[in-house]
Every structure is written in C-alpha cells, then in structure tokens.
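Chains as they are written, first to last, in my numbering: chain A, 1 to 223; chain B, 1001 to 1223; chain C, 2001 to 2223. Cβ atoms here follow ideal geometry from the backbone N, Cα and C, with glycine treated the same way. Report on the structure given below.
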C-alpha cells in the first residue's frame, strides 16, 4: 500500500476498442465501423463490425457495440449510449428501413440509459428514451416513445409513437403495446433535458482527452 | 489459434481511468477525483470528476463512477463497489449533507453489489447493503437498511434505518417505504460478512499489483 | 474535435486482464487461471484466481470472472459468456462435483447471455441457457434447462433437467422449481442456434487479433 498508482505517468492509453468483425461462416466479409469524427467513444468500450455511428453521438464507458452476429447497426445523430449498455443482434432476423436491412437501427436524439440492452432485430425511432436496465429485443419503437426503467419490449411488438411504457412492464404482445398511454409531460421534459446534457459531451470529452487519450489524473491522493 | 496471448509479456498496463470532468456549460470548472491512497480501483473502471473516495474503499472491475453531470460524489471509508456498478447523477437535483450538497453521498461500510445502479440525487447512509442489480435513484436510504436484489428505491422516498426492501420490490412512494419490515437477522449477518471479506481487498489488491499494475498471469495455458 | 483518435496507431494493446487471486486471510495461496489456448477472452474482461476455462470457450467484452472470494470456478468446453456477465462466489458455500468442491461449476455448451449474473455457490449443467440479465445464485440447474431473461434462480433450489423458467420468474423455492414446465421446442432450437454461432467465435477472434491483440480499426472516420 501507499504507492501512487498512475501518478507521474501520463502515457497510458485509454482508446476504445474499434475493430472489424471477425470472419465467420455467417459473416465472411470483414467490415469496419464508420464512426463520425465528432462522435465520442469512451474508454473500455468496443465497436466491432459494420456499425455506423453518426455525428455528435456520445458513447459512455463499458459499452459493447458488437456487430459480429446480426449486422449492420446504425446509430443516428446526437444519440447517446450510456454506461454498460450492450448492443448485439441475432444472426437471422433483420428490420427493413427504406431499401436497407438492419439488425439494429437507432434514430436521432435517442437516449439509451445506463445498463439497457438493445438486442436486434430492433428499430428505435427518433427521440425515443430507453430507461435504466430496460430490454428492447425484437421490437419496433415509435418516435418519441418513453420506455421506463426495468421495462421489456419484445416478441415482435410495435410500440406506437409517443407512448409510455411503465417501469418494469413486460410488453410482449401487440395488445399490451396498443393499450399504452401517451408519454406524460414530465417524462417528455425529462427526456429532453437528458438530450440537452448529453449533446454537450462528445465535443467536451474530445477536448478533455486531446489527441492522445492519456490519463490526465493523479490516481491516488493523500488527503 | 494456438498463440499464447499475453504470455512472456508482463508490461501491459491495467490502470483504472482517472480524470477530471470535461468542461461543459453546466460544469465549467475541471475538478479532479480525490482518491485515498489506501483505496483500490480495479482495471477497466473509471473515476471522473469531483469524486472523493475514502480510505480502504474497494472498487471492482468494469465500474463507472462518472461525475460529469450531477456532482460531487462522496464514498465513505471501507465501502465496496462491486463489478459493473454505475454511479451517475442528474444535473439539477442534489442532497444536502451537513453544509454541503452532493449528487451522490455514500457513507461508511456500505456494500453496492454486482450490477447495481446508484443514480443521483441519492444519499446512502452507513452500513447499507444494496443488492444485485438494484436501482437507487432519487432516494435517501437510512443507516443499516438492506435493499435486496432487483429492488428499486426511487421517486424521492426516504427508507427508514434498518429496514428490509424485499427482492424485486419497487419502493416508489413513502407509504411503501414506511411499511417496510426490519432487516432480518440473517440478512444483517450476511451484510456484515460481505463487509468483512471486502475490507481485505484494497490492501491485498495493492500488494498483488505492486507499483506497476502489470498483468501477472500467463493468459493462455495448454492443460 | 476533429482529431482522429486511434488512427495510424496500431500498437495499443487490448489484452484481457489475467491474474492470480490476491492473497487474503481467506485465500492465502495465489492460484493462476488455467485457460485453454483455444478459448478466447475479449478486451476489457478479467479472469482472476483459480478459474479453469476449457477449450473453445468464448468470453465477450466487459466480463468479470473473479475467483478472489469463493473459489474455484470451472467453465466447460464450448460454453460462451456474453457481454457484461459477472461470475463471483460467496466465500463459505460450495457445490460438490464428483470428488471436488467448486464455487461455480459451468458445464459444456452452456450459454450465459448478456448481463447475466452467476454467483456461487452454483452448478450449471451441460447445455443450459441463461437469458439476458438473469441471476443464478445458490442454485443447481439441470442439464438443458432454459432460464429466460430477467429470471432469478436462487435460495438453494434445484432446477430439474430440461425445465423452462419463464421471463422474470423468481424461482426461490423447491415447489416453484418442481412446478416448472418442460422447455418448449422453439426455445430449445433457439438455445441450439446460439451455441452454433458462438462456437465459431473463439477461433475467428483469435485470427482477427493475431498474436499482438492490437486495435485494427481506424477509430474515427469522416463520411
């Protein structure tokens, strides 16, 4: 004890892991992520395979975006992917968006909160909020919907736009999806405020890191 | 296949990521974490911004302590933060503790078990146990309370001291909080035993790593 | 903004963290993991202590396999451990398998899906499927059982072979375990398909990384 871990050493690298998919029988072509240079991917996070990440996207630490099975993934402008989120997709099922087919398509200004799991096939429209530890799996989520913490949306359901999924709800049939209420005003405002805060992060984290992504802190302090 | 990854190479670094917050419109001053030198922060974990980590705190791998929005955070002596835990806070709401205001205040000898989410504003008093995958968000948790796995404590509730939140319970009103039973004896003993074990980890992990935090194992073995 | 993080720099290392357990009063002997060279452990994942990982096991990113308290752990051939999974064990309780005692024993061709928590003491037999965010803790799970997303299996229960635990179920008594239905045909096929896909990953990821485990992608792209 007593050593100062990390102090006097500012050269440790904390790059995210960015890589093409591995070559498998089911994905025989290596495809690289396309990450807009204004997006920011945090330390201890991975982006693997045919993943498009648009401008001003913020990806927090300990996120796994892994397009090595279901592929491709798309993440739209100004969206944010919070700590511990996982994006992965089934091999055989996809979602059509225009003339293309995706394993996971996430629109613009979407928030995927801490600990959520987004598992393809799924489509998440613009301005959707996905809450803490929620699961979205084999689902289509309409514009402006609000999925509360611990909720599950699955089994091929289509959530209509601007609907509210209550905390812990398990929406696994279209009847349940159709019976959902509109998003209350305070939840709408909350989702908007989360966007406002997170849209500042990509540029500010790029500035913090600078070019070298080095550790800037003194790890241990005597106080 | 067949290569021995990591073998014969003991210089890879596994420092945690320690950094000030990025500068934003809402947090325009960079503040560094203050981490007591007897605390231990594991590989693949981050501490960002105005975070105080007291003596003999153990932080497991893949933890994100991110005071870049709500701030500051405080973690008291001998507390432990298990694998995959996330600490983050809302920008605009804080908790008063004495004359200071915190986004997250965690007392002494607290256990935050695997996969739990602690989201500010919240106050967690001494000797609280927060179970697997639990969520504590916008809440005050009294001394010695026991929050079981998958439970949620939210919506401004105040959990009285020494109360037991059952597995999967959603405590989102003060009536529900006030109706909770005392912590059973076996849960109290369990929380105490978890403390006993985890209080040995900071010093023992510091010894294991030594000054250089290098990988000490042979990664792949033919057996 | 505008810097190309990680580009033109292929020497960053993304080794997993492999280490013996730290020496404590309760585990006074350092034991190293034994990892078969055909297994693959991803970036940002840890294997600590007396852990045996058999041939062709795939461990995804951000996994913590931490045998520093309960020990030893065993993971059988062709099993896969998905993103964010945590394996940890209680100090004092173990499971007997033949003449040996384990904190966690996982058989062959087991899938532990994204975000699940396996906490010893537990035994998971061959061909079991553990779903998203499920918790298996102090339990014995029979061959071919299927544990759905968000389910909990705990409190010393023994799940008979080939039984189906529904989504979100809390199986905390032997009566509940004994009342479970057989695994439906589509879930059996699903579990089999997940195995088929994941058994390709160890070799394909070893090829992708090669000997040096460097980042192969260009981190940021202008498109």
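Reduced DSSP secondary structure (H/G/I, E/B, other) of residue i
i                      : result
residue 1205 (chain B) : helix
residue 149 (chain A)  : coil
residue 121 (chain A)  : strand
residue 2053 (chain C) : strand
residue 1090 (chain B) : coil
residue 1132 (chain B) : coil
residue 1221 (chain B) : Model confidence at residue 1221 (chain B) stands at a pLDDT of 49, short of 50, so the residue's coordinates are unreliable and nothing is read from them.
For residue i: DSSP bridge partner residues
i                      : result
residue 1101 (chain B) : B:1096
residue 2080 (chain C) : C:2058, C:2111
residue 2141 (chain C) : C:2124, C:2159
residue 1067 (chain B) : B:1049
Alpha carbon of residue i to alpha carbon of residue j, nearest angstrom
i                      : j                      : result
residue 2190 (chain C) : residue 1169 (chain B) : 31 angstroms
residue 215 (chain A)  : residue 207 (chain A)  : Confidence at residue 215 (chain A) is low in this model, with a pLDDT of 47, below 50, so its placement is unreliable and the value that follows should be read with caution. So the alpha carbons of these two residues sit roughly 13 angstroms apart.
residue 1010 (chain B) : residue 1209 (chain B) : Residue placement at residue 1010 (chain B) is flagged as unreliable, the pLDDT there being 34, under the threshold of 50; a coordinate-derived value is accordingly withheld.
residue 1017 (chain B) : residue 1051 (chain B) : 13 angstroms
residue 1077 (chain B) : residue 1108 (chain B) : 5 angstroms
residue 29 (chain A)   : residue 22 (chain A)   : 8 angstroms
residue 2176 (chain C) : residue 2129 (chain C) : 19 angstroms
residue 1122 (chain B) : residue 2192 (chain C) : 44 angstroms
residue 1159 (chain B) : residue 2186 (chain C) : 44 angstroms
residue 2047 (chain C) : residue 163 (chain A)  : 43 angstroms
residue 2035 (chain C) : residue 2041 (chain C) : 9 angstroms
residue 173 (chain A)  : residue 2174 (chain C) : 30 angstroms
residue 113 (chain A)  : residue 45 (chain A)   : 15 angstroms
residue 2096 (chain C) : residue 2102 (chain C) : 6 angstroms
residue 86 (chain A)   : residue 1200 (chain B) : 32 angstroms
residue 1004 (chain B) : residue 2062 (chain C) : Confidence is the limiting factor: at residue 1004 (chain B) the pLDDT is only 37, short of 50, which leaves the residue's position unreliable, though a coordinate-based value still follows. If I take the Cα positions, the gap works out to 21 angstroms.
residue 188 (chain A)  : residue 2104 (chain C) : 44 angstroms
residue 171 (chain A)  : residue 1205 (chain B) : 44 angstroms
residue 138 (chain A)  : residue 90 (chain A)   : 9 angstroms
residue 1094 (chain B) : residue 1120 (chain B) : 7 angstroms
residue 33 (chain A)   : residue 68 (chain A)   : 11 angstroms
residue 1106 (chain B) : residue 2150 (chain C) : 27 angstroms
residue 72 (chain A)   : residue 2099 (chain C) : 48 angstroms
residue 2065 (chain C) : residue 2080 (chain C) : 13 angstroms
residue 2116 (chain C) : residue 2146 (chain C) : 13 angstroms
residue 2026 (chain C) : residue 1060 (chain B) : 18 angstroms
residue 197 (chain A)  : residue 111 (chain A)  : 11 angstroms
residue 1156 (chain B) : residue 141 (chain A)  : 29 angstroms
residue 132 (chain A)  : residue 1084 (chain B) : 14 angstroms
*Residues of the segment 2040-2064 of chain C with Cβ closer than 9 angstroms to any Cβ of chain A, in chain order*: Cβ contacts with chain A: 2042, 2043, 2044, 2060, 2061, 2062.
*Could I get the ranges of all uninterrupted alpha helix (DSSP H) runs contained in the segment 2162-2197 of chain C, with 4 residues as the minimum, in chain order?*
Within the segment 2162-2197 of chain C, the complete alpha helix (DSSP H) runs of at least 4 residues are 2174-2178.
_Under 8 angstroms (Cβ pairs) to chain C, residues found in the segment 93-111 of chain A_ = From the segment 93-111 of chain A, no residue has a Cβ closer than 8 angstroms to chain C.
*asked:* Report the start-end ranges of each beta strand (DSSP E) in the segment 1005-1049 of chain B that is 3 residues or longer and not cut off at the edges.
replied: As for any beta strand (DSSP E) of minimum length 3 sitting wholly inside the segment 1005-1049 of chain B, the runs are 1017-1019, 1046-1049, ordered along the chain.
*Selection of the segment 1167-1201 of chain B by Cβ proximity to chain C, strictly under 8 angstroms*: Those residues of the segment 1167-1201 of chain B that come within reach of chain C (Cβ to Cβ, closer than 8 angstroms) are 1167, 1168, 1193, 1197, 1200, 1201.
*For the segment 1111-1136 of chain B, which residues have a beta carbon sitting closer than 9 angstroms to at least one beta carbon of chain A?*
Listed in chain order, the positions of the segment 1111-1136 of chain B with a beta carbon within less than 9 angstroms of a beta carbon of chain A are 1115, 1117, 1119, 1133, 1135.
*Would you list, in chain order, the members of the segment 77-90 of chain A that have their beta-carbon closer than 8 angstroms to a beta-carbon of chain B?*
Of all residues in the segment 77-90 of chain A, 82, 83, 84 have a Cβ within less than 8 angstroms of some Cβ in chain B.
*Determine which residues of the segment 1134-1156 of chain B have a Cβ less than 9 angstroms from any Cβ of chain A, and write them out in chain order.*
Of all residues in the segment 1134-1156 of chain B, 1135, 1137, 1150, 1152, 1154 have a Cβ within less than 9 angstroms of some Cβ in chain A.
*With 8 angstroms as the C-beta to C-beta threshold (strictly closer), list the residues of the segment 15-38 of chain A near chain B in chain order.*
Listed by position, the residues of the segment 15-38 of chain A near chain B (Cβ gap below 8 angstroms) amount to none.
*Closer than 8 angstroms, Cβ to any Cβ of chain B: which residues of the segment 2064-2075 of chain C, in chain order?*
Hits within the stretch, in order: 2064, 2066, 2068, 2069.
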